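**Student:**
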Amino acid sequence: MRKFNIRKVLDGLTAVSSAASASSSAQQQQAGNRETEIQETLQSEHFQLCKTVRHGFPYQPSALAFDPVQKILAIGTQTGALRLFGRPGVECYCQHDSGAAVIQLQFLINEGALVSALADDTLHLWNLRQKRPAILHSLKFNRERITFCHLPFQSKWLYVGTERGNIHIVNVESFTLSGYVIMWNKAIELSSKSHPGPIVHISDNPMDEGKLLIGFESGTVVLWDLKSKKADYRYTHDEAIHSVAWHHEGKQFICSHSDGTLTIWNVKSPTKPFQTITPHGKQLKDGKKPEPCKPILKVEYKTTRAGEPFIILSGGLSYDTVGRRPCLTVMHGKSTAVLEMDYSIVDFLTLCETPYPNDFQEPYAVVVLLEKDLVLIDLAQNGYPIFENPYPLTIHESPVTCCEYFADCPVDLIPALYSVGARQKRQGYSKKEWPISGGNWGLITQSYPEIIITGHADGSIKFWDASAITLQVLYKLKTAKVFEKSRNKDDRPNTDIVDEDPYAIQIISWCPESRMLCIAGVSAHVIIYRFSKQEVTTEVIPMLEVRLLYEINDIESPDGEQVPPLPTPGTGSNPQSIVPQSHPSTSSSSSDGLRDNVPCLKVKNSPLKQSPGYQIELVIQLVWVSGEPPQQITSLAVNSAYGLVVFGNCNGIAMVDYLQKTVLLNLGTIELYGSNDPYRREPRSPRKSRQPSGGLCDINEGTTVPEDRCKSPTSAKMSRKLSLPTELKPDLDVKDNSFSRSRSSSVTSIDKESREAISALHFCETFTRKNDTSPSPCLWVGTTLGTVLVIVLNLPPGGEQRLLQPVIVSPSGTILRLKGAILRMAFLDTTGSLVPPAHEPWREHNVPEDKDEKDKSKKRRPVSVSPSSSQEISENQYAVICSEKQAKVISLPSQNCLYKQNITETSFVLRGDIVSLSNSICLACFCANGHIMTFSLPSLRPLLDVYYLPLTNMRIARTFCFTNNGQALYLVSPTEIQRLTYSQETCENLQEMLGELFTPVETPEAPNRGFFKGLFGGGAQSLDREELFGESASGKASRSLAQHIPGPGGIEGVKGAASGVVGELARARLALDERGQKLGELEEKTAAMLYSADSFSKHAHEMMLKYKDKKWYQF
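Counting in this note's numbering, the sequence shown runs from 18 upward without gaps.
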């Protein structure tokens, strides 16, 4: 587990600068006389940062292994990650420090250990008998490159093949090299004039452990006698070998080759193959050889008691099948099944009933590791159906574009979402239980429901149950189905403002209590959804079009991004380059003149059947104005109690009454100020520009994105340009224009003024003006220039009147100022408790109400947990406002700034959330410089400041979010969610919550030799490897060949970093006691296992000595 360099701050001490702390304390003293003091309970010892779990498909997988007794699956990746999977809900993530690619994994079957071989020529032994697996030993090869490893079942000697063609032997108990080496020139002797190439296969004969089969890349295979140290047979073939597999009786083996052929060899007939098969080759007439095919990358040969053996292979398709998807081929008797996969195959393994290689294998399933998926095929059922995958591996089904996290939701939400999601499940899966069933679940110490919502590039939204560090998909909503789809690229509407993914989700606003959902998409569209358990057919989809535009002095172009003063030479051919005003065209030279009042997407005009779940209430689209495309939406909020949705972009703000389906407010940002505009806004030279497409960059990593395609939302709430601190810039892709501009907090630069966007929106019931005597419904608006404006909402009474009378909206004139773009706003009552926005409880809208219900609904008032409505005039509220640079707490209605905290001087805050923790609340921030910080409320005392993770790409910025109870998450790779906690209590409970990977299981009995096999010597021959490979027999290995590195493995994962000396020592003492008990139990189990292993080896040795010198007729 990663250690964090924690800089925790003493209570009341400010972490930023002495100047800031001086001004802050002065303000506090001034205000302290007037305002009531709130007792704050959160202290820095309540906070600690540590990673909890990682969910999703392992990014860029490279290796696969399975323990057939423990029933645990391991996957290694190209970035040195290791993911272990047991029964659904038991998962584990580990990381090799070097970050080198994992090339092979080998379980010590039923031992609770795993060997990993890495591309940097290191071997590592992992201890899986602890909840957070750790490395016990490492071995670094200095002179040779590792290409293949083999560990026989119940052996402690690991064979390591190298690029030079040599085999070294490692003792996995001590992780030291044996002096016994098989040199390539000894293995092939004179059978070949040239070097045979790297080792691609090593395995021992299933019936004789003393015979080792060695496969060289060039096509040579050698059967090596370990005792006599010489080759028994050499098998040569003129095609390169990719893999080799034994028949369980040890009399035949099969090789797969680079020309798409399989060769089956009889062990005692080395001159030519017993049989050659080309599974996908076209058989030509005249007895000619079939045409060559693509290489067969892997083959497995598995036998069954009752029928024909299975030959399973990947690759080998003929070259003329261009565009055909990757395939796994299952040959069983005379039938050949070709199973198409969605992605290329990285590796596959056949799961068999027995761990013994010398018994009938009885295969029952195949695990196929694909580039972006994990598939399990049922071999026992006709048609080879796949198993339904219970792991949450489909996060990346379409690239994730935004993310929201809700802890402590209403308890009825998860069952409601699950019941509508259950109807979406596919049919045709295998009826059997998921075969990867090892491990045990941890204790559930967290009882509150958690939901994660992910928005995707194809316009889909997924709801996930994330309670108790697990993840399970609940429900999927496709927002794109409301729009007409273009069948091909030429058919696409020329009003598109993005080159691809026009339905991509940018912002999600969700009210868990009322279940109202609102999304903003990349094509400047907003959709409002209502939750219903009834299926409905909507004849006409309710739709509004909004013309949101503002031009300064009628000549300012409403472009959303900074435009270079002159076109650069390279932009001439770019369709998104600057167009002179005399030709105000857009994406291409269109013949229809100026586009005006047309939205980017076309809503379907046919009736729409809506399944139970989220159903469309209203679609709102921004339209083109005089040839200018609509600007992307930068902020969004919905309120179920008021029946309003509001959104803004760099042109202005629009508010819609979704109950009456009317636009209430449509103002340019500058018009919001009225006569109070603090900026001098001078017109720029008249110039039109094409709106940059705003495609979400960094979706498929590794693909370069044109500069003007890369305007990603920096988080679920923002869409603006970012820059990083200069020390981080060299690590970034130069083409990623999102990081291109330095952020100046100065408000005098003209280009910033002209691009003042709406960056935060918050509905609440509070004091809108200084002399207000009671709170009233209002909307607080934050902009990218650090301004907060307040809009008053005058709502008609509930019931029928709400649908008949208009909502009256008016600016209040209240203006507050902060440094940097506004990110988040919240309100506290007199006691310092959070005042949530008003909301209506959820009810079923598609069922007609009876008379009693109607009367109730007339009287129903919006639920607002705010105690302020019954407060006396003397009592007040506190507004908490967080910007990119600072946070302020402002007393209402007086509008005095009580507390101010400069969060960062050199960087900027990417995400700020006001969250509850330990029956109190705090402000949590994630900065672009990688720091995670928390501040008490209302006094803004620094409580935690940890350097966690530098912002190296837009994906982290776009998806990072905090939620209640000390939980947070972000997308750590395009396919994986990393969850973390900043709560001390959760860190301490984490060990109990994590699942156990290793469970004590009896190893199955070895296969029975049978009378005749015993009589005629046909049983498996055992080998005393200790006698051959031990130091006494083979001597010591060369010291310069490999270097042993002891691992940190024995210590159970270090929990985060330490803080508060006395408390930490007490915790350490308790932890040591607990660990002592656990280690005591572990020691007893280990001793028992060692004893059984010892007795097994003694017994085997006695048997060997007994029969060593006997003739065949004496058995």
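Heads up, the beta-carbon is just placed ideally off N, CA and C, and yes, glycines get one too. This structure is a prediction, so every number in the text was calculated from the model and none was measured.
By the DSSP assignment, the beta strand (DSSP E) with Ala974 in it spans what residues?
**Tutor:** Per DSSP, Ala974 is not a residue of any beta strand (DSSP E); the alpha helix (DSSP H) it occupies stretches across Met971 to Thr976.
**Student:** Taking the Cβ atom as the reference point for each residue, do Gln87 and Phe1015 lie within a distance shorter than 9 angstroms?
**Tutor:** Yes, they are a contact pair.
**Student:** Measuring alpha carbon to alpha carbon, tell me which of Ser531, Ser526 and Pro647 ends up nearest Leu653.
**Tutor:** Of the candidates Ser531, Ser526 and Pro647, the one whose C-alpha sits nearest the C-alpha of Leu653 is Ser526.
**Student:** Output needed for Gly456: all residues of its chain with C-beta closer than 7 angstroms, excluding positions within five of it in sequence on either side, in chain order.
**Tutor:** The answer, listed in chain order, is Ile89, Gly103, Arg104, Val107, Gly1012, Glu1013, Leu1014 and Thr1016.
**Student:** By DSSP's criteria, Gln627 is part of a beta bridge. Which residues make up the other side?
**Tutor:** Val553
**Student:** Excluding five sequence neighbours on each side, which residues of the same chain lie with their C-beta closer than 6 angstroms to the C-beta of Val543?
**Tutor:** Once the five neighbours on either side are set aside, the close Cβ partners of Val543 are Ala537, Ile637 and Phe664.
**Student:** If you count every other CB in all the chains shown that lies within 10 Å of the CB of Pro709, and 16 or more means buried, which is it?
**Tutor:** Note that Pro709 scores 37 on pLDDT, short of 50, meaning its location in the model is unreliable; the coordinates nonetheless yield the value given after this. Flag for Pro709 reads buried.
**Student:** Taking a contact to mean a Cβ-Cβ separation below 9 angstroms, would you say Glu256 touches Gly236 in this structure?
**Tutor:** yes
**Student:** So, helix, strand or coil for Asn614, using DSSP?
**Tutor:** coil
**Student:** By the DSSP assignment, the beta strand (DSSP E) with Lys315 in it spans what residues?
**Tutor:** Ile313 to Lys319
**Student:** So is Ser736 buried or exposed if we call it buried at 16+ other beta carbons inside 10 Å?
**Tutor:** In this prediction, Ser736 has a pLDDT of 34, which is less than 50 and means its spatial position is unreliable; what the coordinates show is noted afterwards. Buried is the call here.
**Student:** For Asp225, count neighbouring C-beta atoms within 10 Å of its own C-beta (all shown protein chains included) and say buried if the count is 16 or more, exposed if not.
**Tutor:** buried
**Student:** Whose CA, out of Lys493, Ala118, Glu501 and Tyr631, lies closest to the CA of Ser549?
**Tutor:** The residue with the shortest Cα to Cα distance from Ser549 is Tyr631.
**Student:** What are the partner residues of Thr804, as DSSP defines its beta bridges?
**Tutor:** Arg834
**Student:** Go ahead and pull the three-state DSSP assignment for Ala904.
**Tutor:** strand
**Student:** Check whether the Cβ atoms of Lys389 and Phe64 lie closer than 9 angstroms to each other.
**Tutor:** no
**Student:** State the Cα-Cα distance for the pair Thr921 and Gln903, rounded to the nearest angstrom.
**Tutor:** 7 angstroms
**Student:** Taking Cβ positions, are Ser628 and Met533 nearer each other than 9 angstroms?
**Tutor:** Not a contact, by the Cβ cut-off of 9 angstroms.
**Student:** Am I right that Leu135 and Phe124 are in contact with their C-beta atoms under 8 angstroms? What's the rounded C-beta distance?
**Tutor:** Contact between Leu135 and Phe124 does not hold, since the beta-carbon distance rounds to 16 angstroms and is not under 8 angstroms.
**Student:** Cutting at 8 angstroms between CB atoms, please list the residues of its own chain near Leu334, excluding the five before and the five after it.
**Tutor:** Gly277, His297, Cys310, Lys311, Arg341 and Cys344
**Student:** Do you know how far the Cα of Val70 is from the Cα of Val989?
**Tutor:** 11 angstroms
**Student:** Buried or exposed: Asn754, going by 16 or more other Cβ atoms within 10 Å of its Cβ?
**Tutor:** In this prediction, Asn754 scores a pLDDT of 33, lower than 50, which makes its location untrustworthy; no coordinate-derived value is stated.
**Student:** How big is the Cα-Cα spacing for Ala37 and Cys67?
**Tutor:** Caution applies to Ala37, whose pLDDT of 42 falls short of 50 and renders its modelled position unreliable; the model cannot decide the point.
**Student:** Compute the distance between the beta-carbons of Asp395 and Ser352, then report whether it is under 9 angstroms.
**Tutor:** no
**Student:** Compute the beta-carbon to beta-carbon distance between Leu168 and Leu153, rounded to the nearest angstrom, for a pair I have assumed lies under 8 angstroms.
**Tutor:** Between Leu153 and Leu168 the Cβ distance is about 15 angstroms, and since that is not below 8 angstroms, they are no contact.
**Student:** Measuring CB to CB, does Lys787 end up less than 9 angstroms from Ser623?
**Tutor:** no
**Student:** Three Cβ pairs or more, each shorter than 8 angstroms: is that satisfied between the segment 836-844 and the segment 782-799?
**Tutor:** yes
**Student:** Quick one: residues in its chain with C-beta nearer than 6 angstroms to the C-beta of Ser933, no 5 flanking neighbours on either side, listed in chain order?
**Tutor:** Asn981
**Student:** Let me make sure I understand the geometry here. Which of Cys944, Val864 and Pro955 has the alpha-carbon closest to that of Tyr895?
**Tutor:** Pro955
**Student:** The alpha helix (DSSP H) spanning Phe327 covers which residue range?
**Tutor:** First-last for Phe327: Phe327 to Gly332, but that is the beta strand (DSSP E), not the alpha helix (DSSP H).
**Student:** With distances taken between CB atoms, is the gap from Leu262 to Ser220 smaller than 9 angstroms?
**Tutor:** First, the residue type needs correcting, since residue 262 is Ala and not Leu in the sequence shown. Yes. Within cutoff.
**Student:** Could you tell me if Tyr465 is buried or exposed, where buried requires 16 or more neighbouring beta carbons within 10 angstroms of its beta carbon?
**Tutor:** exposed
**Student:** Identify, in the order they occur along the chain, each residue of the same chain with its Cβ nearer than 6 angstroms to the Cβ of Leu386, setting aside the five sequence neighbours on each side.
**Tutor:** Correct list, in chain order: Pro78, Leu81, Val363 and Asp364.
**Student:** Would you report the Cα separation of Ala1059 and Lys157, rounded to the nearest angstrom?
**Tutor:** 5 angstroms
**Student:** Would you check if there are 3 or more beta carbon pairs closer than 8 angstroms linking the segment 491-500 to the segment 424-441?
**Tutor:** yes
**Student:** So, Thr785 versus Val807, is the Cβ gap smaller than 9 angstroms?
**Tutor:** yes
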